[in-house]
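In the working numbering, the protein residues as written are 7 to 275. Think of the CB as a built atom: it goes at the ideal place given N, C-alpha and C, for glycine as much as any other residue.
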Amino acid sequence: MIRDITIGQYYPANSILHRTDPRVKLVGTLMFIVSLFLFDTFYGYLMVTLFLASVIKMSKVPFRFIVRGLKAVIVLLLFTVTFNLFLTQGEILWQWGFLKITYEGLRLAGFMAIRLTFLILGSSLMTFTTTPNQLTDGLEKLLRPLNHIKVPVHEIAMMMSIALRFIPILLEETDKIMKAQMARGADFESGGILKRAKSLIPLLVPLFVSAFRRANDLAMAMEARCYRGGNGRTKMKPLKYSKNDYLAYTVLFLYIALVITIRILENHF
7 MIRDITIGQY
17 YPANSILHRT
27 DPRVKLVGTL
37 MFIVSLFLFD
47 TFYGYLMVTL
57 FLASVIKMSK
67 VPFRFIVRGL
77 KAVIVLLLFT
87 VTFNLFLTQG
97 EILWQWGFLK
107 ITYEGLRLAG
117 FMAIRLTFLI
127 LGSSLMTFTT
137 TPNQLTDGLE
147 KLLRPLNHIK
157 VPVHEIAMMM
167 SIALRFIPIL
177 LEETDKIMKA
187 QMARGADFES
197 GGILKRAKSL
207 IPLLVPLFVS
217 AFRRANDLAM
227 AMEARCYRGG
237 NGRTKMKPLK
247 YSKNDYLAYT
257 VLFLYIALVI
267 TIRILENHF
């Protein structure tokens, strides 16, 4: 399960998406997430599926690697689908005691599962094709106007970059601790859910100790290099838009315009 968590990981490849400006990918991910919640019909989600499939194809990231990240949130998906399936009022299709499945619940559960799945795939694709440093620079550039109202944009972007960078490191550390404890006879896989949860408690202490140690080492390294925030700092590789980036923006705005148009037509008819 630990190995199936792919969030924050970068997959190196030579693709158009990898070479695209991180600001374009941040804006595109936000637009894609918004578009997921504008549809509640089959044809709308078909268009979203085609768009996402095209982007995955361009990224050159193996589809098997992308889908692997869904295993870590399968429990959340099951809970969401179950609650929507059994607790939505409407035309009853099946009933047994107090449990019942309605047409509206079945429809809502299906669309909610698609939304969450596509949301995870789309968000993960951004981190697969963008390094943490590029994400930091892109986010800082996009939020730069907030500096005029005293928002610490650089510090916020730095915190997000550090968090994304630490996720794979802590997952690898957790895997090492689990293997070490399993070699000493620990059992993390047998028993029910409660027993498995209790067996994970011995992992927390060494994991927190390791996390605090790494955080302290990072803070000392930043202090040793005289880090004092983003004021006056320059970039070794400043971000610049290319023709492909402007073309990507055009495609994104055409996509969101088509989404809004289909939404209006659905409400009209």
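By DSSP, does Gln187 sit in helix, in strand, or in coil? helix
On the DSSP letters alone, give me the boundaries of the beta strand (DSSP E) that Thr133 sits inside. Premise fails: Thr133 lies in the alpha helix (DSSP H), 109 to 134, not in any beta strand (DSSP E).
Supposed close pair Gly111, Gly96 - CB separation, criterion 8 Å: 6 Å
Report all residues from its chain with a CB closer than 8 Å to the CB of Ile8; omit the five preceding and five following residues, and keep chain order. Interpretation of Ile8 is limited by its pLDDT of 48, a score under 50 that renders its predicted location unreliable; the figure taken from the coordinates is listed afterwards. Only Leu177, Thr180, Asp181, Met184 meet the Cβ criterion.
Work out the CA separation of Leu93 and Gly103 for me, nearest whole Å. 13 Å
State yes or no: is the C-beta of Leu141 within less than 8 Å of the C-beta of Pro28? yes
Decide if Ile263 is buried, meaning its Cβ has at least 16 other Cβ atoms within 10 Å, or exposed. It is Ala, not Ile, that sits at residue 263 in the sequence shown. Exposed, since its Cβ has fewer than 16 Cβ neighbours within 10 Å.
With DSSP as the reference, label Gln101 as helix, strand or coil. strand
What would DSSP say about Lys77, mapped onto helix, strand or coil? helix
Express the C-alpha separation of Met166 and Phe213 in angstroms, rounding to a whole number. For clarity, residue 213 is Leu in the given sequence; the question names Phe instead. In a straight line, the C-alpha of Leu213 is about 20 Å away from that of Met166.
Nearest to Tyr261 by CA position, among Ala119, Met37, Ala221, is which residue? Met37
Let me make sure I understand the geometry here. Which of Val159, Val61, Leu44, Ser130 has the alpha-carbon closest to that of Ile22? Val61
Can you check which of these residues, Arg25, Gln15, Tyr17, Asn20, is closest to Ser248 by C-alpha distance? Arg25
Mind checking who Lys106 pairs with in its DSSP beta bridge? Gln101
Cutting at 8 Å between CB atoms, please list the residues of its own chain near Leu122, excluding the five before and the five after it. Val79, Leu82, Leu83, Thr86
Check Thr94 in the structure and name its three-state DSSP category. coil
Can you name the start and end residues of the alpha helix (DSSP H) that Ile62 belongs to? 48 to 65
Do Tyr17 and Phe134 have their C-beta atoms within less than 8 Å of each other? yes
Just the Cα atoms here: how many angstroms apart are Asn222 and Arg234? 16 Å
Just reading off the alpha helix (DSSP H) that Arg234 is part of, what are its end residues? Per DSSP, Arg234 belongs to no alpha helix (DSSP H) and is neither H nor E.
Buried versus exposed call for Met132 [16 or more other C-beta atoms within 10 Å across all chains shown]: buried
Cβ shell of Ile175 (< 8 Å), same chain only, five flanking positions each side left out: Arg220
Helix, strand or coil, according to DSSP, for Asn222 in the structure here? helix
Alpha-carbon spacing of Ala163 relative to Val30, whole angstroms: 16 Å
By DSSP, does Ala19 sit in helix, in strand, or in coil? coil
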